[in-house]
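Numbering of the sequence shown is given in our numbering, commencing with residue 8 and proceeding in unit increments.
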Amino acid sequence: MNESHFPAPPATAAPALRRMFVRDMVLDAHIGVHAHEFGRTQRVRINLDLAVREEAGPQGALMSRPGVGRDDLARVVDYERIVIGARAAVAAGHVQLVETLAERLAELCLEDSRVAHVRVRVEKLDVFPDMQSVGVEIERRNS
């Protein structure tokens, strides 16, 4: 089929998005505000959900069709970079609040201008014996 039969989307059309995610990353973190939380690690579970703008081709057209493009790592957000950055953020030192860690992770994800929106969930595991986790979920957007 000739791709010229697929007109370019109008300039006002919303960009096509792809979802990239990191699920259930469990790390040992120095985190907490209470005296018993200093000097030891606690398990945290991190989930990241990124809405990534599709790559634009010539004259703003999507590469052939949404979701079909060059098979090249440079055209997508590299989840390995996100994972390595998240591990480094957790290892950087003591953080008092899960909210602070979540904000740092959101900033990491939004460094790539192709990321339109990110949802970050950080959960402290093993805090209370009668529940799986406590934590926070935030959403941030790139301008």
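Where is the CB? At the ideal position from N, CA and C, for every residue including glycine.
- The DSSP-derived three-state label of residue 117 is helix.
- Between residue 110 and residue 77, the alpha-carbon positions lie close to 32 Å from each other.
- The segment 33-46 makes contact with the segment 96-111; the number of CB pairs closer than 8 Å reaches 3 or more.
- Residue 87 has its alpha-carbon roughly 16 Å from the corresponding atom of residue 125.
- Setting aside the 5 residues that flank it on each side, residue 44 has no residue in the same chain whose C-beta is closer than 6 Å to its C-beta.
- A distance below 8 Å between beta-carbons, with the five flanking residues on each side excluded, links residue 123 to the following residues of its chain, in chain order: 22, 24, 58, 59, 60, 148, 149.
- Under DSSP, residue 140 forms a beta bridge with 132.
- In the DSSP assignment, residue 38 falls outside any alpha helix (DSSP H), carrying neither H nor E.
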